[in-house]
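No gaps in the numbering here: position 158 of the sequence shown is 151 in our numbering, and each next residue is one more.
The beta carbon of each residue, even a glycine, is placed where N, CA and C say it ideally should be.
Working notes, structure below.
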Amino acid sequence: MTEPHEWRDLRNLLDLATNRIESPHLAERAVVVARRRQAVGRGAMVAGSVALVVLVAVIGARLDRRLDSAPPAAPSTSSISSTASITSDPTTAPVSPSTENLQQGILQPKWDPRDVDALPAADDLASRLPEVVTPPESAPFLGDSPTDIAVLSVDRGSTVQLLAPDGSWRSVPAPDISAGASLSPAGSRLAIQTAKGIEVWSLSTGERRQLAFPAGFEPWDFTSTRWVDEQTLLLDDLAGGWLIDVETTSSRRVPFPTQHPYWWTLDADGALVEGADYGEPAVLRDWRSGDPEQVSMAGTGRLARPVASQSAVAGFIVEQGPIDGFAVAIADRSDLTPSAVLPVHDHEGNYSNWALGTVALGEDGTLLLWTAIPGRSATDGWRLVAWNPESGDLSVVTRATRVRCGR
């Protein structure tokens, strides 16, 4: 039976989502917020809320990518030059058209994420995901009870729990407090970054492999590990990044990313797109050709926590762009012409600082957002929200109840 066009669009969006929801990393955000205060004088964070979040280690999640298909083929990296350099002058980078007169319909009504539970359910998307995610207090060890794939991972502090398509759960230990977990795009592998290297778990066998950091790796406080495909990891450090083949354990240095993890993302083909930290030229760098192409951010302002499709980029406006204030924007990938801007009511600075995250951007323009539910004790759970920029509709894809963490 042929799938309806709308269903294929929704599936394609979820195909992007496995590796895109991340727990709020408070340390990295503190750095970004400090820089933002110096640069543009934004309001202060709510210290009490942030401290509580550190204590409970807010959930990190990954969504299903290809439940009923083979893992995607690894994108070719032969065109990526290990000696690529930025040759264009940022002052002459293409400038997107002026946004002083945003065409009607681009600027949408302001959204208050505190009202997220008043939104309707995204029925079409939720049919592939649990309506409510409630991780158990404990789950069988993956090594004793393998599963082909996982559709979700949840950070429980001392363990990472994995949700299988049949609704059952598995767990793997998170060996130290610096661990960061990343579920592969098709959900067949889990990578856990530690202080000494990367643990790679095969879900179908329950086996674990320990990968050492590459020789020449330059650690820093915000090292991150992300999956390019089912076999390749991108590890960043102070001098760029490393592509690591988890099958052969071979690695090679690449010149990207050049910025803090808050500013970069990978598209579905594994190409890196990155914005610019404060103090850097305000340009978007797109590495899909192997050499960085630069586009001025004059039309959008700096875009934080970006996500990318083949044709567009979405992210948070964190300095003045089309509007004065915190907002989500979607723009053309080639020239950053804004196509939709969603102003966000940033209650007490929670949402710009930690409680709202980008997840995935579909080719049809649908954007998935993660939002926490700030409560008296840090958070009372989180929601996955779909924004249709064409209609302006917001809907809830799935909900997670509050989870007590083991750390």
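Cross-strand partners of residue i (DSSP beta bridge)
i    : result
A379 : L361 and S388
P166 : T152
A114 : V389
V193 : A184 and R202
A305 : D325
V147 : Q154
G350 : W363
I310 : L296 and A320
W220 : L226
A174 : I185
L335 : V321
G374 : T394
V125 : R392
L100 : V334
Supposed contact pair residue j and residue i - C-beta distance, whole angstroms, cut 8 Å
i    : j    : result
V109 : R376 : 5 Å
W257 : E267 : 4 Å
V311 : A333 : About 17 Å separates the two Cβ atoms, so there is no contact after all.
L329 : V288 : 5 Å
E211 : A232 : 5 Å
R281 : A264 : 4 Å
A179 : I142 : 7 Å
R392 : V165 : Contact doesn't hold; Cβ gap of about 24 Å is too wide.
G204 : I191 : The residue you asked about is not Gly; residue 204 is Leu in the sequence shown. Confirmed, about 4 Å.
A114 : S388 : 6 Å
V390 : L361 : 7 Å
Exposure of residue i, with buried meaning 16 or more beta-carbon neighbours within 10 Å
i    : result
W363 : buried
G308 : buried
G350 : buried
T140 : buried
R245 : exposed
W213 : exposed
F206 : buried
T394 : exposed
H253 : buried
A111 : exposed
L226 : buried
V321 : buried
G314 : buried
T242 : exposed
D262 : exposed
A379 : buried
D229 : buried
F134 : exposed
G294 : buried
T152 : buried
G160 : exposed
T92  : Any reading at T92 needs caution, since the residue's pLDDT is 43, under 50, leaving its predicted position unreliable; the model's value is listed next. When all chains shown are included, T92 counts as buried.
D116 : exposed
Option nearest residue i by Cα separation, candidates the options
i    : options                   : result
T187 : S175, V239, P168 and L329 : P168
F319 : V390, W347, P129 and A305 : W347
L196 : L156, L228 and P212       : L156
L176 : W220, Q287 and A301       : W220
Q303 : T293, V276 and A353       : A353
D357 : R392, I323, Q203 and A275 : I323
M290 : V306, I366 and T359       : V306
D105 : V147, D238, L335 and D262 : L335
E383 : V390, T391, G355 and A365 : G355
S146 : I237, D386, L360 and T127 : T127
P218 : W235, A208, G209 and R202 : Reading off the sequence shown, one finds Thr at residue 218, where the question assumed Pro. The candidate whose alpha carbon is nearest that of T218 is W235.
T216 : T198, D238, K189 and E240 : K189
S131 : W162, D116 and P123       : W162
V247 : P285, E240, A275 and V276 : P285
I99  : L361, I366 and P331       : P331
Q224 : P299, I316 and L183       : L183
G292 : D317, D148, V300 and H340 : D317
P158 : P102, S181 and G136       : S181
P129 : E341, P123, R149 and D137 : R149
T359 : D386, V337, G342 and G374 : D386
Y344 : L361, F249, V153 and P367 : P367
V144 : G283, S138 and P123       : P123
R326 : D339, E341, P299 and I237 : P299
L198 : D137, T251 and Y255       : The question names Leu, yet the displayed sequence has Thr at residue 198. With distances taken between Cα atoms, T198 lies closest to D137.
R107 : D270, G374 and H340       : H340
P250 : E240, G283 and V239       : G283
beta-carbon residue i near the ligand FAD non-hydrogen atom, thresh 6 Å
i    : result
A179 : Absence of the ligand FAD is noted for the structure shown, with no ligands found whatsoever.
Within-7 Å CB hit, residue i to chain B
i    : result
L228 : Judged by its chain identifiers, the structure shown contains no chain B, having just a single protein chain.
Those runs of the alpha helix (DSSP H) which lie wholly inside the segment 225 to 303 and span at least 4 residues
You should have found no qualifying run.
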